[in-house]
Amino acid sequence: FCIVSHILGISAGQDAFRDNFTDIKQIYALVIPAERNVLRIRWKEEVLNKPFFCNVTNTIGGGSIQRDKAFPYAKYRDIFVRLGRIAGFEAPLELYSLRRASGNNINSRWPSTELSELSQKLTTR
4 FCIVSHILGI
14 SAGQDAFRDN
24 FTDIKQIYAL
34 VIPAERNVLR
44 IRWKEEVLNK
54 PFFCNVTNTI
64 GGGSIQRDKA
74 FPYAKYRDIF
84 VRLGRIAGFE
94 APLELYSLRR
104 ASGNNINSRW
114 PSTELSELSQ
124 KLTTR
């Protein structure tokens, strides 16, 4: 699972990019200049204050996306816990475990001095 691909796919589906990308293949085909390590993709102004992960409700005709309502954290948590049960995990899956594992993964890949510098930069903004 790659969160970047997921976000890019949703963004293309919501026509959220200023450059009017229609699918993520166009984004992955972009070439980052050798003198840079990042290529900024800009969002349309009208999507910046709207929910990105929208709520979904069940209807007689199937699922319905509520574009004006954000997907509630509690609903996501309940689905995540249920997924763990269905998958047969002995211990209940919790979102905290996912956050903790992500943090441990980041900590294991970056030297502590770099993490310290990054933390200081983020807190002084």
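Under the working numbering, the first residue of the sequence shown carries the number 4, and numbering increases by one thereafter.
Note that CB positions come from ideal geometry on N, CA and C, so glycine has one too.
- Item | DSSP beta-bridge partners of Cys57 | Position 54 of the sequence shown holds residue 57. Ala73.
- Message: Considering only DSSP beta bridges, list what Phe20 is partnered with.
- Response: Start at 1 with the first residue of the sequence shown, and residue 20 comes out as number 17. Paired residue(s): Trp46.
- Message: The alpha helix (DSSP H) that contains Asn108, what's its start and end?
- Response: Here residue 108 corresponds to residue number 105 of the sequence shown, with the count starting at 1. Start and end: 98-112.
- Query: In three-state terms, what does DSSP make of Gly66?
  - Reply: Against the sequence shown, residue 66 aligns to sequence position 63. It is a strand residue.
- Query: What number of angstroms, rounded off, separates the C-alpha of Asn110 from the C-alpha of Pro54?
  - Reply: Locating residue 110 in the sequence shown gives position 107, where the first residue counts as 1. Locating residue 54 in the sequence shown gives position 51, where the first residue counts as 1. Answer to the nearest angstrom: the Cα atoms are 30 Å apart.
- Task: Indicate whether Ile13 and Ile30 have their beta-carbon atoms separated by less than 8 Å.
- Result: Residue mapping note: residue 13 aligns to position 10 of the sequence shown, counting from 1. Residue mapping note: residue 30 aligns to position 27 of the sequence shown, counting from 1. Cβ atoms of Ile13 and Ile30: not closer than 8 Å.
- Message: Taking the alpha carbon of Lys28 as the reference point, which residue from Arg88, Ser8, Lys72 has its own alpha carbon closest?
- Response: For this step, residue 28 is matched to residue 25 along the sequence shown. The shortest C-alpha to C-alpha distance from Lys28 to any of Arg88, Ser8, Lys72 is the one to Ser8.
- Message: Please state the DSSP three-state secondary structure of Ala94.
- Response: Along the sequence shown, one-based indexing puts residue 94 at 91. DSSP places Ala94 in coil when its eight states are reduced to three.
- Start and end residues, alpha helix (DSSP H) containing Thr126: Looking up residue 126 in the sequence shown gives position 123. Counting along the chain, the alpha helix (DSSP H) containing Thr126 begins and ends at 115-126.
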